[in-house]
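*Asks:* Quick one: the structure is below, questions incoming.
Residue numbers (this note's numbering), protein chains in the order written: chain A, 1 to 308; chain B, 309 to 638.
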C-alpha cells in the first residue's frame, strides 16, 4: 500500500483522513466500525467550558443531498473531555484533535488553559468559532476578523505549543480575509469549512422543520462550496496546512480537496450514513496513489491544474 | 452492531397498507432483541443520504426462513418508497442490531402489549419471545381505521386476550387503545406494559400504567441521522432522580456502571432532566421517566420516516441553561 503518512503543522499523521467534529463523538461508538488507530486523527465533538444541553428536537432534517442540523453542541464540558474521553482515546492510540467552543473570548481562553495542563498527548486543537459572541450582539466569531483574531490570539497565548486549527465558517463575504486574521493571530493551520447556514420549512404546518429554526447544512450538497473555499484560501496562503471538510464520502471527494490545496481531509456527515466511510476513503486514496504512481500525499496537495 | 449487506428473501403486503421485507441477515438475526432496530440504506444515490431506522417485526430463527429478519413499513417518503420496490434477490445495506430493546420480566408475568398503527411492529417480535419464555401475552392493537391495523389476525393468534380498536370503528371496538386499557389491565391481571406507537399514545398509556402502579416500557419515535450514538439528534428528555434515584437505569432497574444517560444534567428540584440518545440508550425507555410535555406536534411529513416507525413528533419546549448560547448550525 502507498505511504499515506503526512506531516500536518509539525505532527506526523498515519493518513490524511480524519473524522470531523460532531460526527464521530469521542470515538467510543464508532470504534466498532473503525479502529481509531487507523485514522489520520479524530476531531472530537466540540467541548465547552461547562456542560451544554443542546437544543430541542427536531434537531435534524434531511435536505437534498444533505442534512440540516441544529444540535446546539450538547456536550459534557471540557473537564469531562480531559478526565474521561482523552485518556481513553490515547489508550486506543488515536491522534486526538480537541475541538473547543465558547460564547466569549474568555471562555475559549479558559478552556485552552485547562487543555494546557490537562491536554497532554493531544495532536492538535480545532477552534470552533462558528459560535455566537455574547460580547458582540451574538455575531459569530468566525464572521468578523476582529473576533476571529481575538479568539485565536487568546488560545495561542494559553497554548503556546499546540497546533491550532481555527474552523472557519463559509458564511462570510471574504473567507480569505478571515483566514488571514486567523493566521496572523497565530493559527498553525485552518479547518475548512464548517456548515452552511440553512433553513427548511414544513409548509403543511407552516413551521420550521428544525426546532432551532435555522441549522447547519452538511453533506454532499456543500462539497463544491467547500472545495472552492479550500482552493481560494490555499492560493492566498499556500504554506498554511488546511484540513478540508464538507461533504466528503468517497476517495474521489477527498482527492478533490487535496488537489485544491488541503493537506488533510475530514469525513463528516458520511459517518452517519456509512460508519466505515473514513476507512473506505483512506483505501481509495491509496489505490489512486498506486494507480498514478504518487509516492506521497504531499505531492498532490494543491496540484490541481488551473492553467493550460 | 454490524454493517452488513443482506439479500431480500421476500416482499409482501399486510393488508393493503403495509409492506413487509424479509432480509437474510444471519449476524443480525442471531443477536437482535425485541425493540432493537436496524438502520437501512435506501439506495446508493446521494439525493436522500440518510438511512431509515426500522424496529424489527419478526426474526425467523428456524426452518426455511431461518437467519432472516422482517421489517414492516408504510410509504411515508423517499426512503420507504425505495424499499417498497425491492424484490427477492436484491441486496440491502443494513446496520444493526441497534439500540437497547425491551427488558423481559424475570419471573413469569402477565404482559400487556399496546400498539398503535405501524408502531405495533416490534410488539410481534416481543410477543414471540415472551411466549417462548412462558409469559402470558395480552395485546391491545389500535389504529385510526381498519386499513392501518397491523396484522390483527396474527394478534388474535398470539394473545391470550386480544383487543382490537379503531378510531372510526371500522374493525373491532370503536375508540382508542387507552379507552380499553384500564379495563384490560384489570381483566388480565397485567403486571407489565410494553407499548410502541405515536408519542401522545405512549404518554397516555404511561399515565394509565403508572396509575395502576405498573412498569411501562415505551419504544419511542425520534428522528435520527446516525443510529449509533454520535450525531446527537434523537435525544429524549428524561427525568432522573437526584442522588436517591441515581442508581436506577432507564427502565427503573439498578444501573450498571456507565449505563447512565448521556448528556449534561439540569437541576429541577428533586428531579434532573437529562437528554438521552434514543438510538443507544433507547429506543426503549421507562415511560415514567420520560418528560412527555409538549410532544404531540407531528414533524414534517417528509421527515417522519427518519424515526423507527415513522411516527416522530416535535418536542414543544425544553429550556436550556442561561449560560448556553449555541450556534445556529453545529
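Each residue gets a CB set at the ideal place from its N, CA and C atoms; glycine is no exception.
Within 7 Å of any Cβ in chain B, is that where the Cβ of residue 294/A sits?
*Replies:* It does not: the Cβ of residue 294/A has no partner Cβ on chain B nearer than 7 Å.
*Asks:* Hey, residue 153/A and residue 185/A: beta-carbon distance below 7 Å or not?
*Replies:* Contact flag set, yes.
*Asks:* Is there at least one Cβ from chain B nearer than 7 Å to residue 103/A's Cβ?
*Replies:* So, interface residue.
*Asks:* If residue 406/B sits next to residue 587/B, beta carbons under 8 Å apart, how far is it from one beta carbon to the other, in whole angstroms?
*Replies:* About 6 Å separates the two Cβ atoms, so the contact holds.
*Asks:* Straight-line CA distance for residue 433/B to residue 340/B?
*Replies:* Those two C-alpha atoms are separated by around 10 Å.
*Asks:* Short of 8 Å Cβ to Cβ, which residues in the segment 225 to 248 of chain A face chain B?
*Replies:* Result list empty, no residue passes.
*Asks:* When you compare each of 549/B, 492/B, 510/B and 478/B to residue 530/B by their alpha carbons, which one comes out closest?
*Replies:* Nearest option by C-alpha distance: 510/B.
*Asks:* Across which residues does DSSP place residue 549/B in a beta bridge pair?
*Replies:* In the DSSP output, where bridge partners are listed per residue, residue 549/B has 579/B.
*Asks:* Exposed or buried, what is residue 278/A when buried is set at 16 or more other beta-carbons lying within 10 Å of its beta-carbon?
*Replies:* The residue in question, residue 278/A, is buried, as its Cβ has 16 or more Cβ neighbours within 10 Å.
*Asks:* Apart from the five residues on each side of it in sequence, which residues of its chain come closer than 8 Å, Cβ to Cβ, to residue 276/A?
*Replies:* Result list for residue 276/A: 33 and 34, in chain order.
*Asks:* Please list, in chain order, the chain B residues whose beta carbon lies closer than 9 Å to that of residue 134/A.
*Replies:* Result: 633.
*Asks:* Along the chain, which unbroken stretches of the alpha helix (DSSP H) at least 4 residues long are found entirely within the segment 325 to 385 of chain B?
*Replies:* Segments of the alpha helix (DSSP H) lying fully in the segment 325 to 385 of chain B: 334 to 339.
*Asks:* If I follow the unbroken beta strand (DSSP E) through residue 19/A, where does it start and stop?
*Replies:* First-last of the beta strand (DSSP E) with residue 19/A: 17 to 19.
*Asks:* Indicate the three-state DSSP secondary structure (helix, strand or coil) for residue 122/A in the structure shown.
*Replies:* Note: residue 122/A maps to coil in three-state DSSP.
*Asks:* Note down, in chain order, every chain B residue with its Cβ under 7 Å from the Cβ of residue 202/A.
*Replies:* Those are 608, listed as they occur along chain B.
*Asks:* Throw me the rounded Cβ distance for the residue 540/B and residue 74/A pair, which I believe falls under 8 Å.
*Replies:* Yes, they are in contact, since the Cβ atoms of residue 540/B and residue 74/A sit about 5 Å apart, within 8 Å.
*Asks:* So which residues on chain B does residue 73/A lean against when the C-beta distance must stay under 8 Å?
*Replies:* Per Cβ cutoff of 8 Å: 634, 635 and 638.
*Asks:* Rounded to a whole number of angstroms, what is the C-alpha to C-alpha distance between residue 574/B and residue 49/A?
*Replies:* Residue placement at residue 574/B cannot be trusted, given a pLDDT of 43 that sits under 50; the coordinates are not used to answer.
*Asks:* Where do the N-terminal and C-terminal ends of the alpha helix (DSSP H) with residue 288/A fall, by residue?
*Replies:* From DSSP, the alpha helix (DSSP H) with residue 288/A extends over 277 to 291.
*Asks:* Please classify residue 201/A as buried or exposed, where buried requires at least 16 other C-beta atoms within 10 Å of its C-beta.
*Replies:* It is exposed - the Cβ of residue 201/A has fewer than 16 other Cβ atoms within 10 Å.
*Asks:* Just the chain A side, please: which residues come within less than 7 Å of residue 359/B by C-beta, in chain order?
*Replies:* What residue 359/B touches in chain A: 273.
*Asks:* Between residue 171/A and the rest of its own chain, which residues show a CB-CB distance below 6 Å, the 5 nearest in sequence each way excluded?
*Replies:* Correct list, in chain order: 197.
*Asks:* Give me the Cα-Cα distance between residue 190/A and residue 394/B, rounded to the nearest whole angstrom.
*Replies:* When rounded, the distance between both Cα atoms is 44 Å.
*Asks:* Below 9 Å on C-beta distance, what does residue 128/A contact in chain B?
*Replies:* Residues of chain B passing the Cβ test: 635 and 638.
*Asks:* Quick check: what's the CA-CA separation for residue 504/B versus residue 427/B?
*Replies:* Their backbone Cα atoms lie some 5 Å apart in a straight line.
*Asks:* Comparing the C-beta of residue 611/B with each C-beta of chain A, is any distance below 7 Å?
*Replies:* It does: the Cβ of residue 611/B has a partner Cβ on chain A nearer than 7 Å.
*Asks:* Express the C-alpha separation of residue 315/B and residue 333/B in angstroms, rounding to a whole number.
*Replies:* Residue 333/B and residue 315/B: Cα-Cα distance of roughly 7 Å.
*Asks:* Looking only at DSSP bridge pairs, what is residue 390/B linked to?
*Replies:* Answer by DSSP bridge pairing: none, since residue 390/B is not bridged.
*Asks:* For residue 14/A, does the three-state DSSP call read helix, strand or coil?
*Replies:* In this structure, residue 14/A counts as coil in the three-state DSSP scheme.
*Asks:* Cα-Cα, which of 582/B, 522/B and 477/B is closest to residue 497/B?
*Replies:* Among 582/B, 522/B and 477/B, the Cα nearest to that of residue 497/B belongs to 522/B.
*Asks:* Using a Cβ-Cβ cut-off of 7 Å, state whether residue 65/A counts as contacting chain B.
*Replies:* Yes, residue 65/A counts as interfacial toward chain B.
*Asks:* Does the beta carbon of residue 60/A come closer than 7 Å to any beta carbon on chain B?
*Replies:* So yes, residue 60/A belongs to the interface.
*Asks:* Tell me which same chain residues have a C-beta within less than 8 Å of the C-beta of residue 565/B, skipping the five on either side of it?
*Replies:* Note that residue 565/B scores 37 on pLDDT, short of 50, meaning its location in the model is unreliable; the coordinates nonetheless yield the value given after this. Excluding positions up to five away in sequence, the list is empty.
*Asks:* Hey, out of 237/A, 22/A, 133/A and 67/A, whose CA is closest to residue 354/B's CA?
*Replies:* If we check each option's Cα against that of residue 354/B, 67/A comes out closest.
*Asks:* Pull up the CB-CB distance for residue 595/B and residue 514/B, whole angstroms please, since I reckon it's below 8 Å.
*Replies:* Between residue 514/B and residue 595/B the Cβ distance is about 3 Å, and since that is below 8 Å, they are a contact.
*Asks:* If we ignore side chains and look at the alpha-carbon of each, how far apart do residue 300/A and residue 259/A end up?
*Replies:* Rounded to the nearest angstrom, the two C-alpha atoms are 6 Å apart.
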